[in-house]
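Remarks on the structure that follows.
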DNA sequence: GTCTATAGTCGGATAGAC
DNA sequence: GTCTATCCGACTATAGAC
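Residue numbers (the working numbering), protein chains in the order written: chain A, 733 to 948; chain P, 733 to 948.
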């Protein structure tokens with residue numbers, strides 16, 4: 733089942749080398765802050781190769797997002813399938829299904845959340861729309877439905893807001909907002925990723941299950 | 733007490749016009765995506781004026797962050813002073829002191845949270861460090877202390893993590909992550925800002941006050 | 001498919017007149 | 001303080017040889 737070629741990646745094609753180099757650079761320096769020259773130099777390919785394999789710098793970013801967003805959200809769907817099959821709609825387990833596929837990414841792609849962060853807040857509307865409609869919206873809707881079964885006391889819009897609060901927490905710790913480094917210092921390195929994930933789920937599950945109204 | 737010049741802003745100086753135009757452009761298109769020519773054109777000032785009043789494009793962004801981060805965090809400190817004076821350490825009230833100064837910003841500066849978002853995740857380390865050390869770190873530390881008095885069952889590091897989850901939720905809804913528009917649709921326009929703030933505080937207060945351990 | 005060479009544009013910054 | 005004019009480097013994209 734496990735192909736050894738996935739990890740060691742021998743005999744990588746020019747196209748893949750471009751994708752890998754560009755992905756890291758875009759995550760770190762942003763689209764406008766990354767030149768094709770940086771990418772081709774880092775990937776050890778010729779400058780013209782980008783416009784040959786992709787058609788433009790923008791189409792390259794497009795391809796990068798599709799390559800990552802597809803597998804992550806398919807995995808989320810699988811985990812949701814299992815929850816629905818079992819009939820056990822528990823908030824913690826549903827949230828786990830959302831965050832686990834990202835936490836399970838290898839450390840060698842630890843920059844992917846930063847890339848997604850840019851998509852959420854920084855990239856152009858068109859870029860966001862393409863990726864969101866294709867990969868994220870169906871997943872988000874299904875999570876909303878599952879969570880309402882787990883916490884039926886909330887209206888649909890109330891739940892949608894709380895899901896957004898959860899996504900904010902999740903995105904923040906995944907993208908490693910620089911604040912984390914300054915506030916938590918060495919603590920962060922010491923905390924195994926698994927513990928961070930459990931802390932996040934604990935926090936968000938309590939928030940999502942909070943009673944409905946503020947005033948009696 | 734209230735100066736009418738604050739709102740109508742008559743006879744704005746060249747320097748201020750540059751600050752205003754650049755702030756909006758940087759928030760929308762990012763530092764690399766904004767040229768000095770866009771800024772001076774939008775501000776109706778000469779191209780050379782930027783390098784005269786500030787010294788470089790980077791120093792201009794510096795000035796922009798200082799102009800906003802100062803007042804917001806001073807207001808937070810005031811609200812914290814009031815809490816400490818009253819001796820009523822209630823999680824909801826402490827969280828309110830953190831978010832209120834931002835929610836109270838006029839709609840005409842609704843782009844400021846987006847600008848802060850870029851600082852958190854996108855700008856250079858140097859830019860972040862300058863602003864964080866000067867404006868945010870002292871505030872964050874005080875909030876951590878106050879929250880631990882309100883929820884003493886948590887260790888310092890546990891609380892720091894939960895504060896980070898809260899900040900993620902807050903930043904996400906303030907920056908209006910594009911997801912909000914797509915998921916919540918018209919609902920967002922209809923929800924008064926005050927209601928959003930209360931929902932956020934309700935969610936985060938429950939999360940922060942969640943019991944300590946996952947397993948017994 | 002891969003390269004070199006270059007077209008064509010736009011960027012930040014500054015010199016120097018007023 | 002404000003302007004015009006300009007330097008010079010860097011950028012995306014492509015044409016055309018191999």
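Every residue, glycine too, gets a C-beta built ideally from N, C-alpha and C.
In this structure, the straight-line span from the alpha carbon of residue 793 of chain P to that of residue 910 of chain P is close to 24 Å. When Cβ-Cβ separations below 8 Å define contact, residue 771 of chain A makes no contact with chain P. A distance below 8 Å between beta-carbons, with the five flanking residues on each side excluded, links residue 749 of chain P to the following residues of its chain, in chain order: 775, 776, 777. Rounded to whole angstroms, the gap between the alpha carbons of residue 937 of chain A and residue 786 of chain A is 42 Å. Membership of residue 840 of chain A in any alpha helix (DSSP H) is not indicated, and neither H nor E is assigned to it by DSSP.
Around the CB of residue 784 of chain A, fewer than 16 other CB atoms lie within 10 Å, so the residue is classed as exposed. Interface residue (Cβ-Cβ distance to chain A less than 8 Å): residue 797 of chain P is not classified as such. Chain-order list of chain P residues neighbouring residue 858 of chain A: empty, with the shortest C-beta distance near 11 Å, by a criterion of under 8 Å. Secondary structure of residue 789 of chain A (DSSP, three-state): helix. Here residue 778 of chain P carries a coil assignment [DSSP, helix/strand/coil].
Identification of chain P residues near residue 882 of chain A by a Cβ-Cβ cut-off of 7 Å yields none; the smallest Cβ-Cβ distance measures about 15 Å.
With at least 16 other beta carbons inside 10 angstroms of its own, residue 801 of chain A counts as buried. Note that the region 839–857 of chain A does not touch the region 888–898 of chain A; fewer than 3 beta-carbon pairs, one per stretch, sit closer than 8 Å. Look at the region 789–823 of chain A and you find these whole runs of alpha helix (DSSP H), each 4 residues long or longer: 789–818. In the three-state DSSP reduction, residue 895 of chain A falls in the helix class (H, G or I). Listed along the chain, the chain A residues whose CB falls inside 8 Å of the CB of residue 864 of chain P are 910, 911, 914. Pairing residue 791 of chain P with residue 843 of chain P, the inter-Cα distance amounts to about 20 Å. When the Cα atoms are used, residue 789 of chain P and residue 752 of chain A turn out to be separated by approximately 31 Å.
Of P:944, P:819, P:765, P:766, the smallest CA-CA separation from residue 887 of chain P is found for P:944. For residue 845 of chain P, the closest C-alpha among the options P:926, P:759, P:864, P:782 is that of P:759. One alpha carbon belongs to residue 927 of chain A, the other to residue 871 of chain A, and they sit about 25 Å apart.
By the neighbour-count definition (other C-beta atoms within 10 Å, threshold 16), residue 839 of chain P is an exposed residue. Residue burial is scored here from C-beta neighbours: residue 767 of chain P has fewer than 16 other C-beta atoms within 10 angstroms and is therefore classed as exposed. Not flagged as an interface residue toward chain A: residue 891 of chain P, since no C-beta distance is shorter than 8 Å.
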